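Numbering-wise (my numbering), the sequence shown opens with residue 2 and increments by one.
Don't be surprised by glycine CBs; every beta carbon is placed ideally from N, CA and C.
Given the structure is predicted, the values throughout are model-derived calculations rather than measurements.
Note sheet for the following structure.
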Amino acid sequence: MVENSIFVLGDSISIHYGPYLKKLIAKNFTYSRKGGRKALSDKYLNDYSVNGGDSKSVVEYLRKNRQDYRKSGYLLLNCGLHDIKTNPETGKKQVQHAAFKRNIEQCVNLLDKLELTIIWARITPVKDKWHNRITKNFSRYNRDVDAYNKIADGIMKKHGIHTLDLYSLTAKMKGNPYCDHIHFKKGPRILQAKFIAKYLNNL
2 MVENSIFVLG DSISIHYGPY LKKLIAKNFT YSRKGGRKAL SDKYLNDYSV NGGDSKSVVE
62 YLRKNRQDYR KSGYLLLNCG LHDIKTNPET GKKQVQHAAF KRNIEQCVNL LDKLELTIIW
122 ARITPVKDKW HNRITKNFSR YNRDVDAYNK IADGIMKKHG IHTLDLYSLT AKMKGNPYCD
182 HIHFKKGPRI LQAKFIAKYL NNL
């Protein structure tokens with residue numbers, strides 16, 4: 002009988018590695034996530050009943066949907082790629098630095114009230130020219146990934162929360178790991194899942 006359970010709340014990157022992670026930890030964990038079975042299909046990548054969205058959306062979900070995750074032993078959390086979406090004309094971020102910091106603090110404070118263990122996954126890299134050549138209605142920049150990761154790193158360190166460095170793992174991958182502007186090919190998804198599973202299976 003599997004006694005441990007993990008709930009995943011994250012963006013489309015987590016949707017992509019999710020099915021592989023589920024299989025890799027099946028002996029030790031019951032796996033669930035926001036969106037349930039819909040997360041098994043790529044057509045729901047941008048469906049915000051499945052995708053965690055930006056940090057503001059994550060806070061709202063945690064507040065309004067406690068029944069989804071409160072009985073889980075572990076919660077794998079990530080956000081940031083939506084926060085750093087930048088208006089090409091104004092340079093304004095979808096969620097500014099200060100608001101991102103405030104939102105992540107709120108996430109931690111909400112979850113600290115429950116008997117579960119938070120695991121934070123760092124934001125994955127962006128290749129500026131590649132991304133912004135493909136996507137025209139908004140831009141992303143890796144300098145913002147670094148800045149927002151640094152903000153979250155500080156919060157996680159302060160609260161003693163374990164951080165999974167998906168950024169460094171992915172940045173070191175050989176060749177072009179991307180299948181589009183921001184998402185990854187099957188091979189990199191499996192490597193991300195294995196990286197997370199190794200940590201979880203050794204808890």
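Using the beta-carbon count (16 or more within 10 Å), is residue i buried or exposed?
i	result
M2	At M2 the pLDDT is 49, less than 50, meaning the model places this residue with poor confidence; the figure from the coordinates comes in the next sentence. The residue in question, M2, is exposed, as its Cβ has fewer than 16 Cβ neighbours within 10 Å.
P189	buried
D181	exposed
K1	Here the chain has residues from 2 to 204 only, and residue 1 is not among them.
T171	buried
To the nearest whole angstrom, what separates the beta carbons of residue i and residue j, a pair I think is in contact under 8 Å?
i	j	result
T164	M174	Actually they are not in contact, since the Cβ atoms of T164 and M174 sit about 19 Å apart, beyond 8 Å.
D12	G37	With a Cβ gap of about 16 Å, D12 and G37 do not count as contacting.
I7	F30	5 Å
H98	I152	7 Å
V51	K35	6 Å
R141	T91	Their Cβ separation, rounded to whole angstroms, is 15 Å, which puts R141 and T91 out of contact at 8 Å.
A194	Y18	4 Å
Quick check: residue i and residue j, are their CB atoms within less than 8 Å of each other?
i	j	result
L82	I183	yes
D55	V96	yes
I16	L63	no
K72	D84	no
Y179	W131	yes
Note to self: Check whether the segment 70-77 and the segment 115-122 touch, using three or more Cβ-Cβ pairs below 8 Å as the test.
What the structure shows: yes
Check: Whole beta strand (DSSP E) runs in the segment 2-57 with 3 or more residues, listed along the chain?
Finding: 5-10, 30-34
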